[in-house]
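K.L.:
For reference, the structure I am asking about is given below.
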Ligand code: MG
């Protein structure tokens with residue numbers, strides 16, 4: 002169980018909720034890292050008094066160093082600083098809630114440093130795939146999912162450690178703010194429309210991924226790596242209420258699901274306290290008050306990102322990393338008002354013919370294809 006925590010991505014949505022869990026459970030926060038939010042990380046440093054803290058942005062780190070000169074916290078900077086936090090000797094657990102591919106190297110660093118890894122950074126597994134899983138096996142490191150769906154699957158698999166008789170994973174999707182809309186209706190939606198998620202309060206990147214349903218495609222790939230299943234054994238179902246967080250189906254057609262209010266502090270806490278459970282700040286689920294739960298087949302023609310991800314993981318190799326890199330760039334372009342909503346899927350799909358076929362790959366290959374994919378998407382603006 003976690004006692005000393007290193008939290009990467011501490012100023013984001015998962016980061017601040019993780020600190021809420023740490024506060025309530027009385028964990029010692031040893032290391033914090035963020036991208037550039039000086040004001041927020043300063044508050045966190047003053048409250049949690051970590052030994053070290055890092056900001057990716059060099060300028061922001063300089064500013065932070067001056068602001069917290071009166072504290073005992075050592076300030077680091079750059080990607081190297083984040084990796085130092087990931088390997089920090091006094092931490093037993095690393096919770097990686099970095100957004101995007103930038104989380105991959107800190108993840109590998111934490112694994113090589115033999116930390117227990119609570120993983121909220123799905124892009125780590127999408128882009129890193131076999132690299133990450135093989136490293137964790139080699140170093141005998143546990144990866145505990147924080148993503149709510151994967152936590153639900155992990156919870157439904159308890160008592161069945163080798164995934165025996167596991168037939169299928171049922172991955173639930175909220176459907177996002179544009180559920181039920183046609184492609185024609187999505188032509189003119191705005192960034193603000195896309196940022197209105199019906200159930201979950203999350204950061205901007207993942208909220209847009211949720212609107213395109215790219216998030217579900219990425220989670221399909223994440224599930225394949227985390228649970229060692231075939232892509233065709235992951236079934237996606239739209240569940241508007243976000244109460245059933247996902248389920249597993251066994252060979253006897255028994256389905257075991259995990260339910261709860263849509264609040265990330267349950268999966269965050271479970272990843273940190275596993276295999277124990279404790280009371281949490283999240284409210285009780287009142288099924289009778291809910292009345293009904295609904296389920297639908299996804300609209301694959303309108304939300305094409307799911308199929309693009311399925312194709313990427315079917316092809317294997319560097320395809321998922323390429324698709325992820327293209328999506329990170331297209332998602333950003335959309336948020337900056339440079340491209341339309343439907344252009345995101347178009348740009349991500351366009352990368353597929355240009356991905357080199359390579360079943361065995363290194364970290365450098367992944368970083369290279371990620372860079373290529375981003376440039377490719379930029380060029381088509
Ligand atoms: Mg999720």
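Residue numbers (the numbering used here): 2 to 382. Yeah, the Cβ is synthetic: ideal placement off N, Cα and C, and Gly gets one too.
Ignore the nearest five residues each way along the sequence and tell me which others in residue 231's own chain have a CB closer than 8 Å to its CB.
P.N.:
225
K.L.:
Look up residue 173 in the DSSP assignment and say whether it is helix, strand or coil.
P.N.:
strand
K.L.:
Closest by CA to residue 302, which one among 120, 6, 343, 277?
P.N.:
343
K.L.:
Where residue 172 and residue 369 are concerned, what is the direct C-alpha to C-alpha distance, given to the nearest angstrom?
P.N.:
When only Cα atoms are considered, residue 172 and residue 369 end up about 31 Å apart.
K.L.:
How many angstroms separate the CA atom of residue 333 from the CA atom of residue 253?
P.N.:
44 Å
K.L.:
Would residue 95 and residue 111 be called neighbours here (beta carbons separated by less than 8 Å)?
P.N.:
yes
K.L.:
Report the three-state DSSP secondary structure of residue 54 (helix, strand or coil).
P.N.:
strand
K.L.:
Whole angstroms are fine: how far does the CA of residue 131 sit from the CA of residue 165?
P.N.:
Approximately 21 Å, taken between the alpha carbons.
K.L.:
Confirm, please, whether the CB-CB distance from residue 295 to residue 241 is below 8 Å.
P.N.:
yes
K.L.:
What does DSSP give as the partner residues of residue 42 in its beta bridges?
P.N.:
Answer is none; residue 42 lacks a bridge partner.
K.L.:
From residue 1 to residue 285, what distance separates their C-alpha atoms?
P.N.:
Any answer about residue 1 is impossible in this case: the structure gives the chain only from 2 up to 382.
K.L.:
Cutting at 8 Å between CB atoms, please list the residues of its own chain near residue 340, excluding the five before and the five after it.
P.N.:
These residues qualify, in order along the chain: 331, 334, 348, 382.
K.L.:
If you measure from the CB of residue 264, is any heavy atom of the ligand MG nearer than 7 Å?
P.N.:
no
K.L.:
Just the C-alpha distance for residue 50 and residue 106, rounded to the nearest angstrom, thanks.
P.N.:
25 Å
K.L.:
Tell me whether residue 144 sits in a helix, a strand or coil according to DSSP, three-state version.
P.N.:
strand
K.L.:
Thinking just about the alpha-carbon of each residue, which of 280, 3, 90, 151 is nearest to the one in residue 122?
P.N.:
151
K.L.:
Please state whether the Cβ-Cβ distance between residue 83 and residue 61 is less than 8 Å.
P.N.:
no
K.L.:
Could you spell out the range, first to last residue, of the beta strand (DSSP E) harbouring residue 166?
P.N.:
Taken as a continuous stretch (DSSP letters only), residue 166 belongs to no beta strand (DSSP E), as it is neither H nor E.
K.L.:
Measure the beta-carbon distance from residue 97 to residue 74 and round it to whole angstroms, keeping in mind my assumption that it falls under 8 Å.
P.N.:
Contact flag wrong, Cβ pair sits at about 20 Å.
K.L.:
Classify residue 191: buried if its beta carbon has 16 or more other beta carbons within 10 angstroms, exposed otherwise.
P.N.:
Classified as exposed, residue 191 has fewer than 16 neighbouring CB atoms from the shown chains inside 10 Å of its CB.
K.L.:
Taking all protein chains shown into account, decide if residue 320 is buried (16 or more other Cβ within 10 angstroms of its Cβ) or exposed.
P.N.:
buried
K.L.:
Given a cut-off of 8 Å, decide if residue 291 and residue 1 are closer than it, judged by their beta-carbon atoms.
P.N.:
The structure shown has nothing for residue 1, since the chain only spans 2 to 382.
K.L.:
The alpha helix (DSSP H) that contains residue 375, what's its start and end?
P.N.:
364–380
K.L.:
Using the DSSP secondary-structure output, state which residues sit across from residue 325 in a beta bridge.
P.N.:
According to DSSP, which records beta bridges pairwise, residue 325 is partnered with nothing at all.
K.L.:
Does the Cβ of residue 148 lie closer than 7 Å to at least one heavy atom of the ligand MG?
P.N.:
At least one heavy atom of the ligand MG is nearer than 7 Å to the Cβ of residue 148, so yes.
K.L.:
Spell out the partners DSSP gives residue 236 in its beta bridges.
P.N.:
171
K.L.:
For the beta strand (DSSP E) that contains residue 259, what are its first and last residues?
P.N.:
256–260
K.L.:
Roughly how many whole angstroms lie between the Cα atoms of residue 175 and residue 299?
P.N.:
The C-alpha of residue 299 is placed about 10 Å away from the C-alpha of residue 175.
K.L.:
Compare the beta carbon distance of residue 93 and residue 236 with 8 Å and say whether it is the shorter of the two.
P.N.:
no
K.L.:
Do the stretch 4–16 and the stretch 30–39 touch if we need at least three Cβ pairs shorter than 8 Å?
P.N.:
yes
K.L.:
DSSP state of residue 193, grouped into three classes?
P.N.:
Residue 193 falls in the helix class under three-state DSSP.
K.L.:
Which residues bound the alpha helix (DSSP H) around residue 216?
P.N.:
Where residue 216 is concerned, the enclosing alpha helix (DSSP H) stretches over 215–228.
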